[in-house]
Each structure stands twice: as C-alpha cells, then as structure tokens.
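Quick notes on the structure that follows.
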Amino acid sequence: MEKTLSIVYQPQAVFRIRPVNRCSATIAGHTEAVLSVAFSPDGRQLASGSGDTTVRLWDLNTQTPMFTCTGHKNWVLCIAWSPDGKHLVSGSKSGELQCWDPQTGKPASNPLTGHKKWITGISWEPVHLNAPCRRFVSASKDGDARIWDISLKKCVICLCGHTLAVTCVKWGGDGVVYTGSQDCTIKIWETSQGKLIRELKGHGHWVNSLALSTEYVLRTGAFDRTGKEYSSPEEMKKVALERYYKMKGNAPERLVSGSDDFTMFLWEPAVSKHHKVRMTGHQQLVNHVYFSPDGQWVASASFDKSVKLWNGTTGEFIAAFRGHVGPVYQISWSADSRLLLSGSKDSTLKVWDIRTKKLKQDLPGHADEVYAVDWSPDGEKVASGGKDRVLKLWMG
C-alpha cells in the first residue's frame, strides 16, 4: 500500500544567522554613557560614540579599543560609517560634525561647523550613486539638514524649510534625501541644489524615526558576506548598484515614519505624497522604526514597552513582542531578516524570532538602560551600549 507524504517547502535564506546567546566581551573604556554603536559595512570594525565626548574604534578580534578619537567638546550623539567603509562621521550635542579615518583614528579634517544645535542624525550618499563616498547629510535640532562634502571639507547644500527640529534623515537609493521633523512633516529633497521636491503630511505630532525598505543594501553597499575586497571605487559602485536593484526590484522605495502621535505611516514617496497605510496599535510614542534587510518586514520600538512587527509592503500588523518592562529605545535586524534585536530602558537586550513570533533569547548583563544596539551586517555579532558606560559584544 502506498503512503503519501505531504511536504511543505519554505524558502530558506542563503545563509542563516545564529542567534546570539552569550556576552563574549564587556569592554570598559568610555567614561560616560555609550550613546551610539555602529558596525562598519563589512562588519569587521565597530565604532561607538559617548557622553564622554569621544568616539572609539574597537578591534573585534582582540575585543580591545583600537583608537580613541578625541576632538569633540560635547556628547557624541550619533555616528555613521560611509558605505564604502572608508570614513566614519560623528555628530555632537554642540552641533559640530567630525570625519575620522577608521584606519588611524585620526580626524580627516577640522570639525565641520554650521549647525547651531545638536545633531540628531547622519546618513551617507549611497555608494551606488557615487564612489568613492564623499557626501553625507546631517540633521539637527536647529531645523536644518545639511549636505557636506568631505573632500571639499565643507557644507555644500543647506536643506532649509522645516520650522522645527529635524529629528531624522535618510539618503534614499534614488538620490533624494528624506527628513522628518518636529513640525510633523517629512520633506523630500533633491541633492544637486537642495530643492524641496515633496512634502509628506499626516502625522499629528513629531516625526521621530524614518525607515527605508532599501536601508540594508544602502548601508552595506558592495559588501556581502563573502568578504570580497574591491580593487577600485568603480567596481564597488557597480556591485552596489547590482545589489540595490536586486533588492528593490521594480517596486518603488518604501518609507515608514514613526511618531510621537503613537502612529506610523507607510509611504511610497516616488508614487504619491499621500500615505499608503496608517499603522496604529502602539499606546505610546514610536521611538524607532526599521525595515528588515529583505524589505519584507517593518519593526517598531515604542515607549509602551513593546516591539511590533508589520508587513513591510502592506503595512498590516503582524505581531506584538512583549517582554520588556521599560521603554524600548532601539532595534536592529539580523542580516537574514529572521531575528530582531531590541534594547531597552529595562537594561536588557532581547532577540525575537520572526517565524515563531516569540522571544528567542533574553540577554541581561547591562547594569542600566541600553541606549544603542547594532547587529553586524555579516550577522556574526551584536554590540550594545548604554548608561553603564560599557560596550558589550554578544556572539552566537
């Protein structure tokens, strides 16, 4: 007698990220809170910014500080690697920006000045649009966003038009810059002259966070998990462009905004100035929104202590991850889009499983609030930092 077996197939990622489950290093060095952590696009280097006014670059093999970058006179609030991995920019509470050479830890130029209040975000021009990387955009509490050219060592364009603080900024894959502001609007700018192209309205309160569906490929540029080195900027640009189009397909780039009004909006800014979907469910302000690397999901972190998962194309609500007992500050995805990491005021990190919609790993260890988390683009490790002044590395 024949038996029939029904087999269910599920597409598998090309590689699987092991869930992180242990703290592999606790690195002291910063003398004040760690406010930002960021892995380089190839995942080989890690940078952190702190209230002690320094940026530190860490050697991930020896898990010790490689360079301490000094020069800021105030808290380092945000840091961003260029997608070609050759530069690191940091922004401070006093409004100045500094570009560093990650190979030496030395400043690449004098501080870049122009902003009158603190820096809230930094985003680089994608490498598929311009290689080697030269331009980045900064957002500030002073209401302006500015585009800087590191070879000219100056601000080349001021994106002026918001009436209140600019809280977040993203340089999109099609070459436009998106800015979110406390004036409740999102503005879209072209980047050759800084003209305002479009304005997205709908939020009833401050816009706190912006996420792009293409963010992971924009962040990593030409770097994939093979560890391939590139001989020229042209080759890097070509590979980055291929990766960008492969990820984006024929669909328009999607944008999600998270706000103090507890809601999120999904937009397709190239198609319409009206939102596609309003995403409701959070009971407190939305602090951070982030697309999964494959663009399939959006995750949101809120002061209501939850992390929520949404369909990245339709905006439909999928699941709520509950377990944190304090506001959730920041989230980060594993490179295969299967796991989501969150850091909270409750001093823990948590890893959530997207398939089962459950907690995969609880990572206690910090002595105080966790302000910053990042999962390395190669998927191998997680970094976290916060109020207890230590940087922790977590491995699978």
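Every letter in the sequence shown is one number past the one before it in UniProt numbering, and letter 240, counting from 1, is 240.
All C-beta atoms in this analysis are idealised placements derived from N, C-alpha and C, irrespective of residue type, glycine included.
Backbone secondary structure at residue i - three-state DSSP
{"i": "Ala320", "result": "strand"}
{"i": "Thr179", "result": "strand"}
{"i": "Gly386", "result": "strand"}
{"i": "Lys357", "result": "coil"}
{"i": "Cys158", "result": "strand"}
{"i": "Trp124", "result": "strand"}
{"i": "Gly49", "result": "strand"}
{"i": "Tyr371", "result": "strand"}
{"i": "Ser347", "result": "coil"}
{"i": "Leu339", "result": "strand"}
{"i": "Glu199", "result": "strand"}
{"i": "Pro11", "result": "With a pLDDT of only 48 at Pro11, under 50, the local geometry of the prediction cannot be trusted, and the value read off the model is given with reservation. Here Pro11 sits in coil by DSSP."}
{"i": "Ala270", "result": "coil"}
{"i": "Val298", "result": "strand"}
{"i": "Thr163", "result": "coil"}
{"i": "Pro107", "result": "strand"}
{"i": "Trp148", "result": "strand"}
{"i": "Pro83", "result": "coil"}
{"i": "Asp378", "result": "coil"}
{"i": "Asn21", "result": "coil"}
Contacts around residue i, its chain only, beta-carbon distance under 7 Å, and the 5 residues preceding and following it disregarded
{"i": "Met264", "result": "Val256, Ser257, Gly258, Met279, Val286, Val289 and Ser300"}
{"i": "Val34", "result": "Ser48, Ser50, Tyr371, Ala372, Gly385, Gly386, Arg389 and Leu391"}
{"i": "Gly396", "result": "Arg18, Pro19, Val20 and Asn21"}
{"i": "Trp375", "result": "Ser332, Trp333, Ser334, Leu341 and Val382"}
{"i": "Ser272", "result": "none"}
{"i": "Pro293", "result": "Tyr216, Trp333, Ala335 and Ser337"}
{"i": "Gly365", "result": "Cys23 and Lys392"}
N-terminal and C-terminal residue of the beta strand (DSSP E) that residue i is part of
{"i": "Lys170", "result": "Val166 to Trp171"}
{"i": "Lys248", "result": "From DSSP, Lys248 is part of no beta strand (DSSP E) but of the alpha helix (DSSP H) over Pro233 to Lys248."}
{"i": "Phe67", "result": "Thr64 to Cys69"}
{"i": "residue 398", "result": "Because the chain is modelled from 1 through 396, residue 398 falls outside the range shown and cannot be assessed."}
{"i": "Ile188", "result": "Ile186 to Trp189"}
{"i": "Gln98", "result": "Leu97 to Asp101"}
{"i": "Tyr329", "result": "Val328 to Trp333"}
{"i": "Cys133", "result": "Premise fails: Cys133 is in no beta strand (DSSP E) and is neither H nor E."}
{"i": "Leu152", "result": "Premise fails: Leu152 is in no beta strand (DSSP E) and is neither H nor E."}
{"i": "Arg278", "result": "Val277 to Met279"}
{"i": "Ala394", "result": "What sits at residue 394 in the sequence shown is Trp, not Ala. Leu391 to Met395 is the extent of the beta strand (DSSP E) around Trp394."}
{"i": "Leu285", "result": "From DSSP, Leu285 is part of no beta strand (DSSP E); its letter is neither H nor E."}
{"i": "Asp59", "result": "Val55 to Asp59"}
{"i": "Val34", "result": "Val34 to Phe39"}
Beta-carbon separation (whole angstroms), residue i vs residue j, contact threshold 8 Å
{"i": "Met247", "j": "Val217", "result": "5 Å"}
{"i": "His30", "j": "Asp59", "result": "In fact, because the Cβ distance is near 16 Å, the residues do not count as touching under 8 Å."}
{"i": "Leu363", "j": "Lys345", "result": "Leu363 to Lys345, Cβ: 15 Å. No contact."}
{"i": "Leu164", "j": "Gln182", "result": "4 Å"}
Segment limits, alpha helix (DSSP H) that includes residue i
{"i": "Glu215", "result": "Glu215 to Thr220"}
Same chain, Cβ closer than 6 Å to residue i, neighbours up to 5 away in sequence not counted
{"i": "Leu210", "result": "Cys168, Lys170, Tyr178, Gly180 and Ser257"}
{"i": "Thr185", "result": "Glu199 and Lys201"}
{"i": "Glu125", "result": "Arg135 and Trp171"}
{"i": "Pro233", "result": "Ala131 and Pro132"}
{"i": "Val137", "result": "Ser123, Ala145, Ile147, Val169, Trp171 and Val177"}
{"i": "Gly85", "result": "Ser40, Pro41 and Asp42"}
{"i": "Pro11", "result": "Low confidence applies to Pro11: its pLDDT is 48, below 50, so where it sits in the model is not reliable, and the reading given next is rough at best. The answer is none, since no qualifying residue turns up."}
Closest Cα partner of residue i within the set the options
{"i": "Arg22", "options": "Ser376, Gln361 and Lys387", "result": "Gln361"}
{"i": "Ala80", "options": "Cys133, Ala319 and Lys116", "result": "Cys133"}
{"i": "Lys117", "options": "Val76, Val156, His128 and Asp101", "result": "Val76"}
{"i": "Trp148", "options": "Leu266, Gly114, Val166 and Pro83", "result": "Gly114"}
{"i": "Thr26", "options": "Lys357, Ala367 and Glu380", "result": "Ala367"}
{"i": "Lys153", "options": "Val166, Trp206, His128 and Leu112", "result": "Leu112"}
{"i": "Ser192", "options": "Phe67, Arg146, Asn208 and Asn110", "result": "Arg146"}
{"i": "His274", "options": "Val89, Lys187 and Asn250", "result": "Lys187"}
{"i": "Phe223", "options": "Leu241, Trp206, Asn208 and Ser213", "result": "Leu241"}
{"i": "Lys93", "options": "Gly105, Pro83, His324 and Cys78", "result": "Cys78"}
{"i": "Trp206", "options": "Thr348, Pro65, His162 and Lys358", "result": "His162"}
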